[in-house]
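Trainee: Take a look at the following structure, please.
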């Protein structure tokens, strides 16, 4: 059988990027493969080995045969969208609030500037219709929502017509209709072209019907490739709850901070409108969040969910021109953003994109006590202890001294979630918090959220595109419609 990609007895030269067992892997003509495993299992390490990022020992090389492709170049035939790539091309000049500061958009490329020339105009039209790219073409990339960034990255890769396309969690961050349409499009491309795909999936309930084989990885050990039907028969069920009763009680018994601030209304928005150039993101929005309420914030990609949260978190400078009251303090009456932030625990795709700090993971978590991106204050022993306590709750306690950048994307997610909880905040804002987490960790985080929200006077706003990700404590929903 024609082998598109082949590795025999593959061992990477760099020991930090080495699987436990030598890699023996083939991708044959017509196969569509899902790579599955828990967070930190080694999925990305495996994929980066088959893409040639990590050279092999013993003069071994990854063998490629992309025929009948006209180009022999690996770079033309093999494309890989990593998890972090889907949050945008962040570089050293990117900072956390840049998306909300329109005056800092000089020299930021537009979407149209980064898309390749299309050779198949009919295919381009289909892709543009699927992802609604026409309305994004003149937007600076930094202004795209996390879902729009995913659509942009997928469009860019698909327009290159690769022979093999590797996608890391391609469906998360997309609203439900777009997820389904993307699966249909990939299925169509597979059956009408030479495209083959490798999907790296954290959630094993997200395996599309076009997948033929599965590679399962656990603790850096690669299992043999197996037919998808065989894998599904042996797949383990996720328990109804993951967090122990003991840890649930520990969360409930946490002493309350001395500086908690109680007010009946947490958020009051009165006819709030937000515009960037000619584009209206929010239009005359009225919204009130009362103490103790738990809200689901819903809406399609680009409808303004993250923009709304940026107003609540005091990250958006346009909030000063709006009628907004937070924790009983009207914006623009002399309060500092730090007076607002000290009551809020927050995690978001923008935060994941901005946190590229080469620091011990515990320092990343501890920065949540000071609402900073890095850690610029000396940490007291009792502060470090509470941060390590929350890291243990989220299952990453043993990673406290590891460099944050050396963690897997899922482990980084869990660390940033721990960061959001360390202040015992009155308001918890979780913007797509379960992105990239495996099913066990999704259940763990839901258990933690549900336990935390049983504490006195805790309010929450949560964004997700998956109904099953919403915790049982949700009691209110607001749905934003896209302004066109």
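In this note's numbering, the protein residues as written are 5 to 488.
All C-beta atoms, glycine included, are put in the ideal place defined by N, C-alpha and C.
According to DSSP, simplified to helix, strand and coil, what is residue 428?
Mentor: If you number the chain shown from 1, residue 428 lands on position 424. If DSSP states are grouped into helix, strand and coil, residue 428 belongs with coil.
Trainee: Between which two residues does the alpha helix (DSSP H) carrying residue 126 extend?
Mentor: Here residue 126 refers to the residue found at position 122 when the chain shown is read from its first residue. From DSSP, the alpha helix (DSSP H) with residue 126 extends over 125-135.
Trainee: Residues in the same chain with beta-carbon distance under 6 Å from residue 215, minus the five sequence neighbours each way, listed in chain order, please.
Mentor: Locating residue 215 in the chain shown gives position 211, counting from the first residue. Excluding positions up to five away in sequence, the list reads 36, 38, 232.
Trainee: Starting from the C-beta of residue 344, find all residues in its chain whose C-beta is less than 8 Å away, skip the five residues before and the five after it, and write them out in chain order.
Mentor: Here residue 344 corresponds to residue number 340 of the chain shown, with the count starting at 1. Counting only Cβ-Cβ distances below 8 Å, and skipping sequence neighbours, we find 317, 318, 330, 331, 333.
Trainee: By alpha-carbon positions, which one of 177, 119, 166, 164 ends up nearest to residue 138?
Mentor: Here residue 138 refers to the residue found at position 134 of the chain shown. Comparing Cα positions, the closest option is 119.
Trainee: Ordered along the chain, which non-local residues of its own chain (more than five positions away) have a Cβ less than 8 Å from that of residue 440?
Mentor: To locate residue 440, count along the chain shown from 1; it is residue 436. 43, 87, 173, 176, 206, 413, 414, 417, listed in sequence order.
Trainee: Among the candidates 261, 121, 47, whose CA atom is the shortest distance from the CA of residue 386?
Mentor: Indexing the chain shown from 1 puts residue 386 at position 382. Out of 261, 121, 47, 261 has the C-alpha closest to the C-alpha of residue 386.
Trainee: Grab me the residues of residue 458's own chain with a C-beta within less than 7 Å of its C-beta, minus the 5 sequence neighbours each way, in chain order.
Mentor: Counting from one through the chain shown, the residue named residue 458 turns up at place 454. The answer, listed in chain order, is 256.
Trainee: Measuring only the C-alpha atoms, how far is residue 152 from residue 62?
Mentor: Position 148 of the chain shown holds residue 152. Position 58 of the chain shown holds residue 62. Those two C-alpha atoms are separated by around 43 Å.
Trainee: If you follow the alpha helix (DSSP H) that residue 368 is part of, which residue opens it and which one closes it?
Mentor: Against the chain shown, residue 368 aligns to sequence position 364. Run containing residue 368: 365-370, per the alpha helix (DSSP H) assignment.
Trainee: By Cβ distance, which residues of its chain are closer than 6 Å to residue 352, with the 5 residues on each side in sequence left out?
Mentor: If you number the chain shown from 1, residue 352 lands on position 348. For residue 352, where only same-chain residues beyond five positions count, the Cβ hits under 6 Å are 435.
Trainee: Could you check if residue 234 is buried or exposed, using at least 16 other CB atoms within 10 Å of its CB as the buried criterion?
Mentor: Along the chain shown, read from residue 1 onward, the residue named residue 234 stands at position 230. Answer is exposed; the Cβ neighbour count stays below 16.
Trainee: Please state if the CB of residue 276 and the CB of residue 327 are separated by a distance shorter than 8 Å.
Mentor: Position 323 of the chain shown holds residue 327. Position 272 of the chain shown holds residue 276. Taking 8 Å as the Cβ cut-off, residue 327 and residue 276 qualify as a contacting pair.
Trainee: Just the C-alpha distance for residue 487 and residue 223, rounded to the nearest angstrom, thanks.
Mentor: Your numbering for residue 487 matches position 483 in the chain shown. Your numbering for residue 223 matches position 219 in the chain shown. C-alpha separation (whole angstroms): 46 Å.
Trainee: Could you give the residue range of the alpha helix (DSSP H) that holds residue 396?
Mentor: Looking up residue 396 in the chain shown gives position 392. That run of the alpha helix (DSSP H) goes 385-397.
Trainee: In the DSSP assignment, what residue or residues form a beta bridge with residue 303?
Mentor: Residue 303 sits at position 299 when you count from the first residue of the chain shown. Bridge partners of residue 303: 484.
Trainee: Looking only at C-alpha atoms, which of 462, 395, 182, 144 sits nearest to residue 449?
Mentor: For the purposes of this step, residue 449 is taken as the residue at position 445 of the chain shown. Taking only the C-alpha atoms, the option nearest residue 449 is 395.
Trainee: From 213, 274, 189, pick the residue whose C-alpha is nearest to that of residue 288; which is it?
Mentor: Here residue 288 is taken as the residue at index 284 of the chain shown, counted from 1. That would be 274, whose Cα lies nearest to the Cα of residue 288.
Trainee: What is the DSSP secondary structure of residue 284, reduced to helix, strand or coil?
Mentor: Along the chain shown, one-based indexing puts residue 284 at 280. The answer is strand: DSSP assigns residue 284 an E or B state.
Trainee: Considering only residues of the same chain and omitting the five flanking positions on each side of residue 304, which have a CB-CB separation below 7 Å?
Mentor: Position 300 of the chain shown, counted from the first residue, corresponds to residue 304. Cβ within range, chain order: 179, 486.
Trainee: Going residue by residue through the stretch 400-462, where are the continuous beta strand (DSSP E) segments of at least 3 residues, counting only ones entirely within it?
Mentor: Runs found: 431-435.
Trainee: Could you compute how far the alpha carbon of residue 495 sits from the alpha carbon of residue 309?
Mentor: Outside the shown range of the chain (5 to 488) lies residue 495, about which nothing can therefore be said.
Trainee: Closest to residue 346 by C-alpha separation, out of 189, 426, 473, would be which residue?
Mentor: Looking up residue 346 in the chain shown gives position 342. For the residues 189, 426, 473, the minimum Cα distance to residue 346 belongs to 426.
Trainee: If you reduce the DSSP assignment to three classes, tell me which class residue 274 lands in.
Mentor: Residue 274 sits at position 270 when you count from the first residue of the chain shown. If DSSP states are grouped into helix, strand and coil, residue 274 belongs with the strands.
Trainee: Using a Cβ-Cβ cutoff of less than 8 Å, which residues in the same chain neighbour residue 60 once the five nearest sequence positions on both sides are dropped?
Mentor: Numbered from its first residue, the chain shown carries residue 60 at position 56. Excluding sequence neighbours, residue 60 sits near 11, 14, 15, 16, 17, 53, 66.
Trainee: On the criterion of 16 or more Cβ atoms from any shown chain inside 10 Å, does residue 324 qualify as buried, or is it exposed?
Mentor: To locate residue 324, count along the chain shown from 1; it is residue 320. So residue 324 ends up on the exposed side.
Trainee: Judging by CA-CA distance, which residue of 130, 122, 198 is the nearest neighbour of residue 81?
Mentor: Here residue 81 refers to the residue found at position 77 when the chain shown is read from its first residue. The option with the nearest alpha carbon to residue 81 is 198.
Trainee: Going by Cα to Cα distance, which pick from 48, 155, 403, 201 is closest to residue 169?
Mentor: Sequence index remark: in the chain shown, residue 169 carries index 165 (1-based). Checked all of 48, 155, 403, 201; the closest Cα to residue 169 is 201.
Trainee: Tell me the rounded alpha-carbon separation between residue 141 and residue 154.
Mentor: Reading the chain shown from its first residue, position 137 is the one you call residue 141. Reading the chain shown from its first residue, position 150 is the one you call residue 154. Their backbone Cα atoms lie some 14 Å apart in a straight line.
Trainee: State the start and end residues of the unbroken beta strand (DSSP E) segment that holds residue 13.
Mentor: Stepping through the chain shown from its first residue, residue 13 is reached at position 9. Looking at the DSSP string, the run of the beta strand (DSSP E) that includes residue 13 is 7-14.
Trainee: Of the choices 146, 300, 116, whose alpha-carbon is the least far from that of residue 467?
Mentor: Along the chain shown, one-based indexing puts residue 467 at 463. Comparing Cα-Cα distances from residue 467 to each of 146, 300, 116, the minimum goes to 300.
Trainee: Buried or exposed, going by whether 16 or more other CB atoms sit within 10 Å of the CB of residue 192?
Mentor: What you label residue 192 is simply residue 188 of the chain shown in a count that begins at 1. Classification of residue 192: exposed, given that the 10 Å Cβ count is below 16.
Trainee: Thinking residue 73 and residue 167 are a contact (beta carbons under 8 Å), I'd like their distance in whole angstroms, please.
Mentor: Taking the chain shown and counting its residues from 1, the one referred to as residue 73 is at position 69. Taking the chain shown and counting its residues from 1, the one referred to as residue 167 is at position 163. With 8 Å as the limit, residue 73 and residue 167 qualify as a contact, their Cβ atoms being about 5 Å apart.
Trainee: In this structure, does DSSP put residue 231 in helix, strand or coil?
Mentor: Position 227 of the chain shown, counting from 1, holds the residue named residue 231. It is a strand residue.
Trainee: In angstroms with no decimal places, state the Cα-to-Cα distance between residue 98 and residue 210.
Mentor: Counting from one through the chain shown, the residue named residue 98 turns up at place 94. Counting from one through the chain shown, the residue named residue 210 turns up at place 206. Note that residue 98 has pLDDT 46, beneath the 50 cutoff, so the model's placement of it is unreliable and the number below is only indicative. About 32 Å.
Trainee: With respect to the alpha helix (DSSP H) encompassing residue 478, which residues constitute its N-terminal and C-terminal limits?
Mentor: Here residue 478 is taken as the residue at index 474 of the chain shown, counted from 1. Note, residue 478: premise wrong, no alpha helix (DSSP H); not H, not E.
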